[in-house]
Amino acid sequence: MIEEAYQKKLPEALIDDYHLDFKKSLQISNSNPNNQRPVKRISRDGMTIEPRLREARFMPNPIHSATPFAEHRFFLGLIGEIFKQFNVHDSQALETPANRRLLIEKAAEGIIIAGKLIGKEKEAEWTAQQLRNVIDESDQQLWQCCAHLCTMESFLYKKMNEYMRLC
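Using numbering that gives the first Met the number 0, the first residue of the sequence shown is number 0, and each one after it goes up by one.
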């Protein structure tokens with residue numbers, strides 16, 4: 000999101016909890032404009048930068064939440080529920096273009112709903128748009144997009160990590 004705004008030469012990038020002023024190189028809180036900190040753009044092109052380990056990887060087992068995701072039946076029955084929603088009886092039926100588009104659109108809508116619930120609406124909308132951008136692309140491009148979105152530092156990565164630890 001930030002890099003896209005920078006490449007478009009926008010004066011700032013609006014994120015859920017804060018915005019970045021590119022000219023002043025500041026991150027400014029949306030709830031308190033006096034809460035500011037300097038930022039620096041780092042280019043990773045052609046450089047070998049040692050990757051930062053995500054703290055979330057080393058968290059203890061999470062507390063089971065009250066959401067349906069905490070139930071093992073939900074996770075194990077997810078594929079069955081998808082089949083019910085699309086009224087299909089085998090996985091090949093999901094390969095039709097119409098069903099595939101519908102599945103991707105529903106995934107994008109689900110990302111937006113999840114983002115709104117935790118106050119990350121802008122991030123969720125950006126993530127959903129990235130998924131929608133590959134709706135008519137090849138399977139490989141779709142899977143690459145999904146892998147990228149699920150592993151980048153975002154609310155989606157954190158939620159997916161939490162759900163996988165619960166199961």
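Backbone N, C-alpha and C fix where the C-beta goes; we use that ideal spot for every residue, glycine too.
Shown here, Pro32 sits in coil according to DSSP, grouped into three states, outside any helix or strand. Of the residues assessed, Ile103 falls on the buried side of the cut-off, its CB having 16 or more other CB atoms within 10 angstroms. Of the residues assessed, Leu9 falls on the exposed side of the cut-off, its CB having fewer than 16 other CB atoms within 10 angstroms. Counting C-beta atoms within 10 angstroms of its own C-beta, Gly114 has 16 or more neighbours from the protein chains shown and is therefore classed as buried. Excluding sequence positions up to five before and after Met159, its CB lies within less than 7 Å of the CB of Cys149, all in the same chain and listed in chain order. Between Ile41 and the set Cys144, Ile1, Ala12 and Ala97, the nearest pair of CA atoms involves Ile1.
In this structure, Ile111 places its C-beta atom within 9 Å of the C-beta atom of Glu124. Annotation: Lys22 to Ala127 spans about 28 Å, alpha carbon to alpha carbon.
By the C-beta density criterion, Ala107 is buried, having at least 16 other C-beta atoms within 10 angstroms. Listed as beta-bridge partners of His88 by DSSP are no residues whatsoever.
For Leu9, no beta strand (DSSP E) encloses it, and the DSSP letter there is neither H nor E.
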